[in-house]
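What follows is one structure encoded as structure tokens, with my remarks underneath.
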Amino acid sequence: MNREGMAMARWLDRWLGKAERRGRTGGPMETFRTISMAEDSTVFNRSFPGFVPLPNATPFCMLQVYRFLRDAIPDVSDAIWTWKRLCQTGYDIEITGASSDAAKRRAERLLRELDQRVNGGDRGMDGLLDIFLGSLFTYGAAAVEMVLSPNRETIVDVVPVDVWTVRFRRENGVLQPYQVHDGEEIALPRDRFIYVGMDRDGTNPYGRSMLRSIPFVVKIQQRLMEDMAKATHNAGWSKLHVTYLPEERQRGESAEAYERRIGGNFEALRAKLSGLETDQNLVTYDNVRVSVIQGNQGAQVFYENHKAIEEQVITGMHLMPILLGRNYGTTETYGTAQFEIINRHVEAVNRSVKRILERLYNFELALMWGEAEARVHMRTNRTVDVLKEANARAKEIANAAALRDQGFVDHAAAARMLGIGE
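Using our numbering, the first residue of the sequence shown is number -15, and each one after it goes up by one.
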């Protein structure tokens, strides 16, 4: 090879080497590792490992504020109570894949016993779900822990965990839950600890409470109520103003006798008024006049201001006015649309409840002999117009059957269109 050919060969070697270095992935494990970084994975946190903070660096003490608002503010308390009742639609358990009829019956019995045993026996699974939903709508998160028997053959109990004591720390690429109690960090078992965060923000594992948006509005609402109480107390109740016009002096009556007679009549009138019952009337001569003294309190202005704040609280709680005992003259069409949106919220929450129940039930069934699997079907809230709902459902079934009969879909696809067998 001549000199020019050798130079060309060296240039090609250098060029190919650069291309190879540019295309290198940095080792086979880089392909299986995330490149993006979590919000809390800063240089500071990597140097000094700590707990993942709440979204927007919200202090953990705010969780206690949410509980105070739920217990002390009527609108917030009613909203949490309403959301819990809306989501407690009930559910049905289906046992599938049982190896035998005996295994199916045993699975049903085990799950019935588990429902009664959890939550320390306090209303069983119904009581546990009530606590779970109350925590979810108050703090934006809820947590439970499975407790196994010493021989690890069954779930002895499922207990709620106070979410305001739960913290997360990133360890070896995974989130490790801890419970902070009396200054002590207790590592929780990831395989038996279930944590649900509502409206999670990005990579942050904690949920977001819907009460986070209303403390300022609630403060204004309570200030308005306080001002109304002070104004009402200052104005007082309507009062009776009694005017007594003395009679004329009789002929031959001395000045002293006239004064005693007028004074006696006045005292008698005052004694009569002081002992007058609410349902009694005052009968006098025409020289006594009774009028009512009351101030112009301007109640309408206060009501409009308070209503504006109430609407902000209701919006922050993601509810409609009628569900909190308010009636602002909403039309039927608008009210139906609002109720449909609320039902979508309920279905989204109940999908999380469904997955948790299936995890608990299947964990219990995995410890028994024989194969079986539990599937949970959450019930839904009925619409306002039951007849309209039934007619719409009948048309859906007829349309799915027509598509199947025409050969566009098979029987299984038609069932999935109707939400059957999911």
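By construction, the Cβ of each residue, glycine as well, lies at the ideal position given by its N, Cα and C atoms.
CB of residue i within 8 Å of CB of residue j, strictly
i, j, result
"asparagine 365", "threonine 80", "no"
"glycine 181", "glycine 167", "no"
"arginine 54", "threonine 122", "yes"
"threonine 42", "arginine 196", "yes"
"valine 276", "leucine 229", "no"
"valine 150", "isoleucine 57", "no"
"phenylalanine 44", "tryptophan 148", "yes"
"isoleucine 293", "isoleucine 204", "yes"
"arginine 176", "glutamate 129", "yes"
"glycine 360", "glutamate 380", "The residue you asked about is not glycine; residue 360 is valine in the sequence shown. Going by C-beta atoms, valine 360 is not nearer than 8 Å to glutamate 380."
"alanine 384", "leucine 402", "yes"
"lysine 88", "alanine 382", "no"
"alanine 332", "asparagine 346", "no"
"leucine 253", "valine 272", "yes"
"isoleucine 326", "leucine 70", "yes"
The alpha helix (DSSP H) enclosing residue i, as first and last residue numbers
i, result
"threonine 66", "58 to 71"
"isoleucine 404", "Premise fails: isoleucine 404 is in no alpha helix (DSSP H) and is neither H nor E."
"aspartate 110", "108 to 123"
"tyrosine 190", "Element bounds for tyrosine 190: n/a, residue is neither H nor E."
"phenylalanine 250", "239 to 258"
Which listed residue (the options) has its alpha carbon closest to that of residue i
i, options, result
"glutamate 348", "Ala86, Thr138, Leu38, Ile64", "Thr138"
"glutamate 155", "Gly34, Tyr345, Lys68, Tyr75", "Gly34"
"aspartate 62", "Gly118, Ile77, Arg245", "Gly118"
"valine 473", "Ile277, Val276, Lys256, Ser275", "Nothing in the structure corresponds to residue 473, since the chain is present only between -15 and 406."
"tyrosine 179", "Asp146, Asn271, Gln206", "Asp146"
"phenylalanine 323", "Trp67, Leu47, Val49", "Trp67"
"serine 258", "Val226, Tyr50, Ala321, Gly247", "Val226"
Endpoints, the beta strand (DSSP E) within which residue i is located
i, result
"methionine 182", "Neither: methionine 182 is in no beta strand (DSSP E) and is coded neither H nor E."
"tyrosine 75", "75 to 80"
"glutamate 97", "Not the beta strand (DSSP E): glutamate 97 falls in the alpha helix (DSSP H), residues 85 to 101."
"arginine 273", "272 to 277"
"alanine 171", "168 to 171"
"glutamate 357", "357 to 362"
Cut-off 6 Å between Cβ atoms - residues of its own chain near residue i, not counting five sequence neighbours on either side
i, result
"valine 131", "Val140, Asp141"
"glutamine 160", "Arg153"
"phenylalanine 116", "Ala126"
"glycine 11", "Caution is warranted here: a pLDDT of 49 is assigned to glycine 11, below 50, making its placement in the model unreliable, and no coordinate value can be reported."
"valine 164", "Thr149, Arg151"
"leucine 47", "Tyr123, Trp148"
"alanine 398", "Ala384, Arg388"
"proline 37", "none"
Spatial neighbours of residue i in its chain, beta-carbon cut-off 7 Å, leaving aside the 5 residues before and after
i, result
"isoleucine 64", "Arg54, Gly118, Phe121, Thr122"
"proline 39", "Asp185, Asn188, Tyr190, Arg192"
"isoleucine 170", "Tyr162, Gln163"
"valine 274", "Leu224, Val226, Leu266"
Residues of its chain near residue i, where Cβ-Cβ distance is below 8 Å and the 5 sequence neighbours each way are ignored
i, result
"valine 60", "Leu53, Arg54, Leu195, Ile198, Val202, Val297, Met301"
"asparagine 249", "Tyr228, Pro230, Glu231"
"aspartate 394", "Arg388"
"glycine 104", "Asp141, Val143"
Worksheet item: Should the region 109 to 119 be called in touch with the region 134 to 152, which here means at least 3 C-beta pairs below 8 Å?
Response: yes
Worksheet item: Are three or more beta carbon pairs between the region 83 to 95 and the region 222 to 240 nearer than 8 Å?
Response: no
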